[in-house]
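J.: For the sequence shown, the working numbering gives the first residue as 250, with consecutive numbering after it.
Dropping a structure here in structure tokens format, bear with me for questions.
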Amino acid sequence: MKVVLALAALCSTASAFVAPINGAVTTPSKTVVKAFETELGVQPPLGFWDPLGLLSDASTERFERLRYVELKHGRVAMLAVLGQVTTKAGIHLPGTIDYAGTKFTDIPTGISALDKVPAAGLAQIVAFIGFLELFVMKDSANGA
250 MKVVLALAAL CSTASAFVAP INGAVTTPSK TVVKAFETEL GVQPPLGFWD
300 PLGLLSDAST ERFERLRYVE LKHGRVAMLA VLGQVTTKAG IHLPGTIDYA
350 GTKFTDIPTG ISALDKVPAA GLAQIVAFIG FLELFVMKDS ANGA
């Protein structure tokens, strides 16, 4: 099965090196938006890169909102990686996580932790994230 998948992957990538049929020349499609070419982060060789066209007819407020959300999600992802690395290194909170006596050291890392954390604990985590999202982590510069 692995050999078949590997051969299929190789065959599909080999078609990139085949010349166009009938000498037809194809031009790659580009998303070109000149409205945000002067923004911070626009650098050669890509320039303003919007492959999905999300900002093709967007306002400056929409651009700033999406930029803020991207930064926020990047920071949350960095914290998640840091939490994963910390618990993999064996650093855990002291004490127990519930009244049944389950210790924090008994909780595994990653997705397998969802089975070990009590339902009330998961509800608290979701409520805390919702609180942060609605009341704390606001884009105060743009009023979002």
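Where is the CB? At the ideal position from N, CA and C, for every residue including glycine.
None of these values were measured; they are calculated from a predicted model.
1) LYS337: which of VAL375, GLY296, GLY359 and TYR317 sits nearest, CA to CA?
2) Is it the case that the region 282-302 contacts the region 362-371, given that we only count it when at least three CB pairs across the two stretches are under 8 Å?
3) Have a look at the DSSP bridge pairing and note the partners of GLY296.
4) CB ILE356 to CB ILE340, shorter than 9 Å?
5) Nearest by alpha-carbon distance to VAL385: which of PHE353, LYS321 and VAL291 is it?
6) If you follow the alpha helix (DSSP H) that GLY370 is part of, which residue opens it and which one closes it?
7) According to DSSP, which residues form a beta bridge with LYS352?
8) Once DSSP output is grouped into helix, strand and coil, what is the label at THR287?
9) Compute the Euclidean distance between the alpha carbons of ALA284 and ALA326, then round it to the nearest angstrom.
10) State the Cα-Cα distance for the pair GLY302 and ILE374, rounded to the nearest angstrom.
11) With a threshold of 9 Å between beta-carbons, can LYS387 be considered close to chain D, or not?
12) With burial defined as no fewer than 16 other Cβ atoms inside 10 Å of the residue's Cβ, what is the status of PHE353: buried or exposed?
T.: In terms of the structure at hand:
1) Residue mapping note: residue 337 aligns to position 88 of the sequence shown, counting from 1. When each option's Cα is compared against that of LYS337, the closest is GLY359.
2) no
3) Residue numbering aside, residue 296 sits at position 47 when the sequence shown is read from its first letter. Answer by DSSP bridge pairing, in chain order: GLN292.
4) As a working note, residue 356 is residue 107 in the sequence shown. As a working note, residue 340 is residue 91 in the sequence shown. No.
5) Residue mapping note: residue 385 aligns to position 136 of the sequence shown, counting from 1. For VAL385, the nearest C-alpha among the options comes from LYS321.
6) Indexing the sequence shown from 1 puts residue 370 at position 121. Element bounds for GLY370: 368-380.
7) Here the question's residue 352 lines up with position 103 in the sequence shown. Looking at the DSSP assignment, LYS352 forms a beta bridge with THR345.
8) As a first step, residue 287 is located in the sequence shown; it is residue number 38 there, counting from the start. Three-state result, THR287: coil.
9) The residue you call residue 284 lines up with position 35 of the sequence shown. The residue you call residue 326 lines up with position 77 of the sequence shown. Distance between the alpha carbons of ALA284 and ALA326 is about 29 Å.
10) Start at 1 with the first residue of the sequence shown, and residue 302 comes out as number 53. Start at 1 with the first residue of the sequence shown, and residue 374 comes out as number 125. The straight-line gap from Cα to Cα measures roughly 34 Å.
11) Here chain D cannot be found, since the structure has a single protein chain.
12) Here residue 353 refers to the residue found at position 104 when the sequence shown is read from its first residue. So PHE353 ends up on the exposed side.
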